[in-house]
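Offset between the sequence shown (1-based) and our numbering: plus 18.
Each remark here refers to the structure printed beneath this line.
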Amino acid sequence: MEPAEADAIFERVSHLVTEPEWELARPIIEEIRQLKRERGATILAHNYQHPLIFHGVADLHGSSLGLARQAADSDADVIVMCGVHFMAETAKLINPDATVLLPDFDAGCSLADSITAEDVQRLRDEHPGVPIVTYVNTSAGVKAASDVCCTSSNALQIVEALNTDRVLMIPDQHLADYVDARTGAEVLTWQGDCVVHQEFRTSDIEALRADYPDIQVIAHPECTREVQESADAIGSTSQLIDWVDTHRPERVAMITECTMSDNVASRFPEVEFTQPCSLCPYMRKITLEKIRDCLREMDGKVDIDPSVAAGARNSVEKMLELSP
Ligand code: 13P
Ligand code: SF4
């Protein structure tokens, strides 16, 4: 890594990472960059990944939808997914020829854990003819048992495209609330939620507004309905970043996993980010050391059970068709 390149990375993370921490991380970042070249690998990172991963080694970053599109468009031999298991599985579904590596298979998701393919079949039996729109935060088996996937970026677009009176939107009850409040469809759901976003309370937002009367509050749709109703805007991770880019508020609270504001703070130096912090324990499983090791050993390959791969791919591809 050229000294100027290293300096540029450190500048983007220096509000969070001390110089001794940077000196420890730097050789690992250099090794990952070298291994990437040797393996013909691309590193994709979700917006919640640690700043040293986001700024130091990722080739591309984004929301779940952005990462799925980037994986679909990639011609790399190897994709390393710095995110959670469902994101790696989605990448493998839509780019089956690539080797997809996940640096730690314990990087799960509370929403994905909340529902099984058998649950989806039961819902289908209980609600015959009602289309099942499944959040990408699920296993390939659950996707295969569903009609179409969505992400928080395109959930409204997918439900509107189905042009239906009733829809089952699973497993996130709060994303379902968000869609229910904004479409003409009756939205049935499942009692899943995200361990990170369910922690936020309206009292957090009231306290912020009391301390900073000019603050803009923007929230992810995995937050509860009450929190969504107290926010000035709602959107997926990439939509929240775009909102800051467009509005350039003096002060903003991003009510979502708090690493994201750390990652984008250097892009918006004039914006003050002030929010309660809730960290995703699954996203934190991915570390620089694990990225290096999986690239060194070509470990952590994602394989999808062939009995569900075609059905799951169908649900993801249908989403990409309805939301190009
Ligand atoms: P986005 O699709 O908005 O990036 O969200 C993914 C996620 O896991 C949010 O908790
Ligand atoms: Fe899953 Fe929530 Fe973590 Fe996103 S933040 S990966 S929804 S547990």
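For each residue, glycine too, the CB sits at the ideal point set by N, CA and C.
Just so we're clear, the structure is a prediction, and the values are computed from it rather than from any experiment.
May I ask you to list the residues that DSSP assigns as paired with residue i?
i    : result
D190 : G210
T277 : Looking at the DSSP assignment, T277 forms no beta bridge with any residue, so it has no partner.
Q234 : V270
R184 : E204
T152 : C167 and I188
A130 : Paired residues: none, contrary to the question.
E290 : R269
G80  : H64
V96  : A59 and T117
I252 : A237
K336 : Answer is none; K336 lacks a bridge partner.
K319 : L119
At the level of alpha carbons, what is the spacing between residue i and residue j?
i    : j    : result
R310 : T182 : 47 Å
A109 : S171 : 17 Å
R302 : R243 : 26 Å
D122 : P231 : 42 Å
T220 : S341 : 32 Å
L119 : D229 : 44 Å
T152 : G329 : 13 Å
V102 : A125 : 5 Å
P206 : V197 : It should be noted that the sequence gives Leu, not Pro, for residue 206. Each residue's alpha carbon lies about 10 Å from the other.
E56  : R269 : 43 Å
S284 : V138 : 42 Å
K308 : E315 : 10 Å
D115 : C100 : 19 Å
F286 : A203 : 38 Å
I46  : A249 : 40 Å
E49  : I71  : 13 Å
A163 : A43  : 42 Å
G84  : T264 : 19 Å
D321 : R227 : 47 Å
A26  : P38  : 17 Å
Near residue i, what residues of its chain come up, given a Cβ to Cβ distance below 6 Å and the 5 sequence neighbours on each side ignored?
i    : result
F28  : W40
S279 : M272 and F291
L34  : P69 and D280
I259 : V282
L180 : P149
S132 : P189 and G210
D165 : P149 and I150
A86  : T108
A194 : M187, V205 and T207
K336 : V166
Q175 : S341
Could you name the residues of the same chain whose beta carbon sits closer than 7 Å to that of residue i, not counting the 5 residues immediately before and after it, in chain order?
i    : result
S81  : N65, T169, S171, S254, T255 and S256
R51  : M19 and V75
A216 : Checking the sequence shown, residue 216 turns out to be Gln, not Ala. These residues qualify, in order along the chain: T242.
N332 : none
D222 : P294
Are the beta-carbon atoms of residue i and residue j separated by less than 9 Å?
i    : j    : result
H79  : V31  : no
L62  : S92  : yes
V289 : P324 : no
V334 : C167 : yes
A237 : T274 : yes
T201 : V177 : yes
V213 : C298 : yes
V98  : A130 : no
H192 : E247 : no
A327 : A135 : no
L53  : L306 : no
In chain order, what residues of the same chain have a beta carbon less than 8 Å from the beta carbon of residue i, not counting five sequence neighbours either side?
i    : result
A94  : G58, A59, T60 and A116
I112 : A86, A89, A90, R331, V334, E335 and L338
D317 : L119 and D311
Within 5 Å of ligand 4: residues by beta-carbon to any heavy atom = Questions concerning ligand 4 fall outside what the structure shown contains, since the ligands it does hold are ligand 1 and ligand 2.
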